[in-house]
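Notes follow the structure.
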Amino acid sequence: MFRALALALTAAVPAPRAALPDAAPQILYAHVSPERVHMGDVWSGRIVTTTNVASVVVSAPFFSFVVPRKRFGDFSFSTHVLAVPTLYRQKLYGSIIAYNAAGQSVSVPLELDFR
C-alpha cells in the first residue's frame, strides 16, 4: 500500500486538478497494490496528478518504468507478475516521480515488498 499519502483504501479518488503548463507538478493521489507482490499476482497502481504532468515514473532499485497516461492527470498500470528474481525478493524503497513538460518534478516515497 502506498504509505506516503496515508490514504485509506475507502477514500475517494480525487479528480485531476487543472494546472497551468509552467506550474509545479503535484501528485494528488497514489495507490499501488498489492503491498506484498508474489509470483502470479497482478500488480497495479493508479496515480492522479495535476493536468500539467507530462509523465509519471515508478522508480525503485533494480527497475523503473513510465506509467501510461489514461487522460490528463490520470495515470495507471497493471501487470501480471510472472517471475520475481531472487535479487528482487526483499523490501524495496523507491519513489513515484511526476514531471511536467518543463522538467520540474515532484516525488513521493514508495515501499514495495516482492516475495
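Residue 17 is where the sequence shown starts when you use my numbering, and the numbers rise one by one after that. Every residue, glycine too, gets a C-beta built ideally from N, C-alpha and C.
- Message: Taking 7 Å as the limit between beta carbons, can you name the residues of its chain near residue 36, skipping five residues before and five after?
- Response: For the purposes of this step, residue 36 is taken as the residue at position 20 of the sequence shown. Correct list, in chain order: 68.
- Message: Just to check my reading of the structure: residue 82 and residue 92 have Cβ atoms closer than 8 Å, yes? What is that Cβ distance to the nearest angstrom?
- Response: What you label residue 82 is simply residue 66 of the sequence shown in a count that begins at 1. What you label residue 92 is simply residue 76 of the sequence shown in a count that begins at 1. Going by Cβ atoms, the distance from residue 82 to residue 92 rounds to 12 Å, so no, they are not a contact pair.
- residue 66 - containing beta strand (DSSP E), residue span: Here residue 66 corresponds to residue number 50 of the sequence shown, with the count starting at 1. Taken as a continuous stretch (DSSP letters only), residue 66 belongs to no beta strand (DSSP E), as it is neither H nor E.
- Of all Cβ atoms in chain B, is any one closer than 9 Å to the Cβ of residue 59? Absent from the structure is chain B; it holds one protein chain and no more.
- Query: Which residue's Cα is closest to the Cα of residue 108: 80, 70 and 90?
  - Reply: As a position in the sequence shown, residue 108 is number 92, starting the count at 1. Comparing Cα-Cα distances from residue 108 to each of 80, 70 and 90, the minimum goes to 80.
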